[in-house]
Amino acid sequence: MSTESRSHDEMLALGDAVLARVPAGTEAEVTVTESAMALTRFANSGIHQNVADRTLRLRLRLVRDGRSGVAEMQVASDDAGDALVKSAEAIRSHSPSGEPVKPISPDGGADTEAGYCERTALVTPEERADTVAAICAGADSLGQKAFGTFETGGTSIAMVSTTGLRRAARHTVAELIAVCRGADGSAYGARHASDVSHIDAVALIAEVTERCARNQGADATEPGTYEVVLSPYAVAEMLQYLGLMGLGGLAVAEHRSFMRFGERLMSESVTISDDVRRPELAPFPFDGEGSTTRPVTIIDHGVCAAVVHDSVTEARSGEPTTGHSLAQPNSEGPFPRYLCMENGSGDDASMVAACTRGLLITRFWYVRPVHPLTTSITGMTRDGTFLIEDGRVVRPVRDLRFTQSIVDSLADVRSIGAERRACRGYFGATLAPWLHLGHFTFSS
Amino acid sequence: MRDIADVALDASVVAGATYADCRVVDQRMQSVLVKNGRVNSVTDFEDTGVGIRVIVDGAWGFCGTQRTDRAGLEDAARFAVRIARASARTAVARVRLAPTPAVTATYVTPVSIDPFDVPLDRKIELLLAVDASMDIPSVTTRQGSLAAVRHHQFFASTEGSRITQTIIETGGGIDATATGDGEVQSRSFPNSFGRQQLTAGWEAVLAMDLAGNGRRIAEEAVALLSADLCPAGTMTLILDATQAALQVHESCGHPTELDRVLGFEAAFAGTSFLMPEMLGSFRYGSEAVTISADATSPGGLGTFGYDDEGVAAQRTLLIDGGLFTGYLTSRETAAGFDQPSGGTVRAESWNRLPIIRMTNINLEPGTSSLEEMIATTERGVYLETNRSWSIDDRRLNFQFGTQAGWEIRDGRRVRLVRNPLYSGRTPEFWNSCDAVAGASEWKMFGVINCGKGEPGQLMHVGHGAAPCRFRNVAVRPA
Chain E
4 MSTESRSHDE MLALGDAVLA RVPAGTEAEV TVTESAMALT RFANSGIHQN
54 VADRTLRLRL RLVRDGRSGV AEMQVASDDA GDALVKSAEA IRSHSPSGEP
104 VKPISPDGGA DTEAGYCERT ALVTPEERAD TVAAICAGAD SLGQKAFGTF
154 ETGGTSIAMV STTGLRRAAR HTVAELIAVC RGADGSAYGA RHASDVSHID
204 AVALIAEVTE RCARNQGADA TEPGTYEVVL SPYAVAEMLQ YLGLMGLGGL
254 AVAEHRSFMR FGERLMSESV TISDDVRRPE LAPFPFDGEG STTRPVTIID
304 HGVCAAVVHD SVTEARSGEP TTGHSLAQPN SEGPFPRYLC MENGSGDDAS
354 MVAACTRGLL ITRFWYVRPV HPLTTSITGM TRDGTFLIED GRVVRPVRDL
404 RFTQSIVDSL ADVRSIGAER RACRGYFGAT LAPWLHLGHF TFSS
Chain F
3 MRDIADVALD ASVVAGATYA DCRVVDQRMQ SVLVKNGRVN SVTDFEDTGV
53 GIRVIVDGAW GFCGTQRTDR AGLEDAARFA VRIARASART AVARVRLAPT
103 PAVTATYVTP VSIDPFDVPL DRKIELLLAV DASMDIPSVT TRQGSLAAVR
153 HHQFFASTEG SRITQTIIET GGGIDATATG DGEVQSRSFP NSFGRQQLTA
203 GWEAVLAMDL AGNGRRIAEE AVALLSADLC PAGTMTLILD ATQAALQVHE
253 SCGHPTELDR VLGFEAAFAG TSFLMPEMLG SFRYGSEAVT ISADATSPGG
303 LGTFGYDDEG VAAQRTLLID GGLFTGYLTS RETAAGFDQP SGGTVRAESW
353 NRLPIIRMTN INLEPGTSSL EEMIATTERG VYLETNRSWS IDDRRLNFQF
403 GTQAGWEIRD GRRVRLVRNP LYSGRTPEFW NSCDAVAGAS EWKMFGVINC
453 GKGEPGQLMH VGHGAAPCRF RNVAVRPA
């Protein structure tokens, strides 16, 4: 069983086969998703879990007489199409009449292969094991133990509808995550790419073992407000929560968003966009209702510029869809998928050098919203937190809990890194730089 | 299903497996969501496939497939074996499994009313009626949902077990969100995160009395908009049963997972502060605190006949009168301690590897009552319904926020307060527990979004809990 995906034609044919069974006069949208993923997991410098699966999912949305029904199936049987139509129709016919979300018409957008790499789709269990072995050997040679995952695989999506929609795209993802643990401390690092050949395991293990060696015997430091130098891993997490809390059109319509259009809420150096054009984020060219995903500048030099939309928030707000819909219908609204923070000219060394007293943070953990309107989040630091004094990293410190408004912290940006790293996101991926912030509040 | 499993197991052995098990899964879920007076979505989801897990050369391999024809199953079994051989090249130690008897058994969740037999229009009618009851000024978002799950599974192993299980879950819940004056406040019932769910039939929804609570939570959401901020300071904290359940989940359930202790989750979900040498001697909590892992609790989302390794459901004490006494274990992790498995291994679906998961992690009932706890509190807060939750990777440093709070002065609730947060460290917190309400206020709750494992798995787990009281807790507003 390889992780190679079906061709676009094969995926579209599966969708067409379902569409052909839909009763005449009924509007229908079919989504075919196939994922073929494999993941090798290691702990204590050895592989302890190692899995692969191929999953085909068919989703049918029917709309007729103001009634809507959705059925989904993860099955590979020949009669799946009949069963799917029967199930969706049973739901549709029992639903009350209203104004359901209808399948969209084609918008002329092109389907690209920007996020697909055949090399990634064809990685074997032996190749993953060899990479893991190299990671483990790198850790062992320094008296550390390695933990983490190496995941490779791809997802294909095809959409067809009675309104003429006909889209197909696929992407691949390779992600290598390593945590190294010494006698009294740990460190984290990760690489995420569409093309597995861009995953540099040697560089990763060098980064993580060096950080782990420095992060031994951490002492406590007083909670309080510090300057912080955040790695791209931490910045990506922060951006993703900003997206979850308030960068969608429905959050604005329901008064849950912090966005105040036209107002400067962040430092002038901060520009945040959702950019489907970045191939390193393994982008899909269309969203959950088949709309072409377009680049959106969300924060423009610190000013609230726009949020992402789907067809529902388009109807509600008059702002055109940006192609960021989840599968319709849904109650959550649209979300950003490919958040990117524009880079600056700094690097981690210059940020540390410019820091009077602060914390160098590798990673955030268990981040959760505290209040959506203030963009207050809480979470912990993890796997490498260091005290900076007078421009130097002086010692590792124990992990701290922070409770901090994201917007407030991004209103006090001292420096943004030149290099950016692709990190996995909740709906897609995020491109994040190093960041030096003037204040960040730690409570315990 | 039996034939499918036999083919998969035979092919695994032929390919070189020294052990194999197979789960043939057929799952159906129906969900109904009503939002702001309209049916937002009605979805029916069916999921069918086969998960094959093997040991070869002392190492694990797993492959999930939707193909149930002989060629497809043999292909998947061979691939699982190939994966295991790759694992063996970098394995630390040969996998050893704690012995478990081979069984042939059937288990079905006892239900009075099959939730799939309830007509769809009746479900929609209920939700629309509740939605209307929440339609008051300042409430900008009203939402209600119902869900039904039927998880049918056949488990077979090369050790001879053949187990058929049908787990039925039914759930429902409502939320009201009010906005105004730069504030947004939500109230949920019976629990947050969408719904309360149990292994039960439609009778569970009828017992919730959603219709009787819609107006109340809507009014509370509106009242919270103008409520005073939660007071700050070190004070007495009383948790309602829903928040107590989540507190148990995060600070007692997860740290007692033995795979975390052994580092299996070190790169993702985290480890644990509970080292094996602490078993039997570590004072986890006060004498008021007894916590069980009970896969036999009626109605819990962790209630089943056998786990996904074919080990019978059981009840064990994790914390007994405050003393740390046990872990959640699998056959692999228990073998390292020469113990039998605790039977706590489950997979989200056919395409995921079974791993240690909470069953029903229950705070056993005490002898107090909510009324008595409030009456005997001089200064403190009573908090209801989770809004925010976070805990560190060793499960020590936590912070929770709830939707609503009431300040307590001299034994009485004196005012509603908004945006409450409380924080602490796990052992100190549970050692400050001086009262747990009795059986009459003890309820079973379901958590339907417990994340763990890579690839990620969302598991349904249960928590029986009652209101409980803690002294000297750091409380403040968000």
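Those sequence lines, one after another, are chains E and F.
With positions in the first sequence counted from 1, the corresponding number in my numbering is that position plus 3.
With positions in the second sequence counted from 1, the corresponding number in my numbering is that position plus 2.
From the three backbone atoms N, C-alpha and C, an ideal C-beta is built for every residue, glycine too.
- Minimum Cα-Cα distance from P103(E) among the listed residues V73(E), A190(E), A23(E) corresponds to V73(E).
- Here Y191(E) carries a strand assignment [DSSP, helix/strand/coil].
- The secondary-structure analysis by DSSP pairs H153(F) across a beta bridge with Q29(F), I169(F).
- K445(F) does not reach chain E, its nearest Cβ partner there being about 24 angstroms away, counting only Cβ pairs nearer than 9 angstroms.
- If you compare the alpha carbons of S96(E), L87(E), P288(E) with that of R170(E), the shortest gap goes to P288(E).
- Taking C-alpha positions only, G441(E) is separated from M354(E) by approximately 11 angstroms.
- Residue ranges of uninterrupted beta strand (DSSP E) with 3 or more members, entirely inside the segment 281-347 of chain E and ordered along the chain, are 299-303, 342-344.
- Cβ contact annotation for A213(F) (same chain, cutoff 8 angstroms, sequence separation greater than five): L128, A131, V132, S135, in chain order.
- Chain F places no beta carbon closer than 8 angstroms to that of W437(E), leaving this residue out of the contacts.
- Collapsing the DSSP output to three states places W432(F) in a helix.
- Here S353(E) carries a helix assignment [DSSP, helix/strand/coil].
- Distance between T404(F) and V83(F), taken at the CA atoms: about 48 angstroms.
- The three-state reading of DSSP puts E121(E) in helix, counting H, G and I together.
- From the listed residues P109(E), Q77(E), L245(E), the smallest Cα separation to C307(E) is found for L245(E).
- When Cβ-Cβ separations below 8 angstroms define contact, D82(E) makes no contact with chain F.
- With a 10 Å radius around the Cβ and a threshold of 16 neighbouring Cβ atoms, E32(E) comes out buried.
- For Q245(F), the uninterrupted alpha helix (DSSP H) segment begins and ends at 243-250.
- T335(F) sits in a helix when the DSSP states are folded into three classes.
- When DSSP states are grouped into helix, strand and coil, R124(F) belongs to the helix group.
- Of the other Cβ atoms in all chains shown, fewer than 16 fall within 10 Å of the Cβ of N451(F); this residue is therefore exposed.
- Put simply, the backbone Cα of S163(F) is about 29 angstroms away from that of N364(F).
- Residues of the segment 132-147 of chain F with a C-beta less than 8 angstroms from any C-beta of chain E: T142, T143, Q145, listed in chain order.
- In terms of Cα proximity to V438(F), the closest of V416(F), I410(F), G323(F), S188(F) is G323(F).
- For V15(F), the enclosing alpha helix (DSSP H) starts and ends at 4-17.
- One alpha carbon belongs to R144(F), the other to A220(F), and they sit about 8 angstroms apart.
- DSSP places M375(F) in the helix class (H, G or I) of the three-state scheme.
- Counting only the Cα atoms, E129(E) lies some 10 angstroms from A136(E).
- At a cut-off of 8 angstroms between C-beta atoms, Q77(E) counts as an interface residue with respect to chain F.
- For a cut-off of 8 angstroms, the C-beta gap from S159(E) to E37(E) is around 5 angstroms, short enough to register as a contact.
- Neighbours of W391(F) in chain E, taken as residues at a C-beta separation under 7 angstroms, are given in chain order as R371.
- Taking the Cα of R417(E) as reference, the smallest distance to any Cα among G387(E), G227(E), S272(E) is reached at S272(E).
- Look at the beta carbons and you see the segment 88-105 of chain E not touching the segment 256-270 of chain E: under three pairs across the two are nearer than 8 angstroms.
- Looking at the backbone, the Cα of I170(F) and that of T70(F) are separated by about 24 angstroms.
- In this structure, the beta-carbon distance from E76(F) to V9(F) falls below 8 angstroms.
- By the neighbour-count criterion, in which 16 or more other beta carbons inside 10 Å mark a residue as buried, G184(F) falls on the exposed side.
- Excluding residues up to 5 positions away in sequence, C139 lie with their Cβ nearer than 8 angstroms to the Cβ of G49(E) in the same chain.
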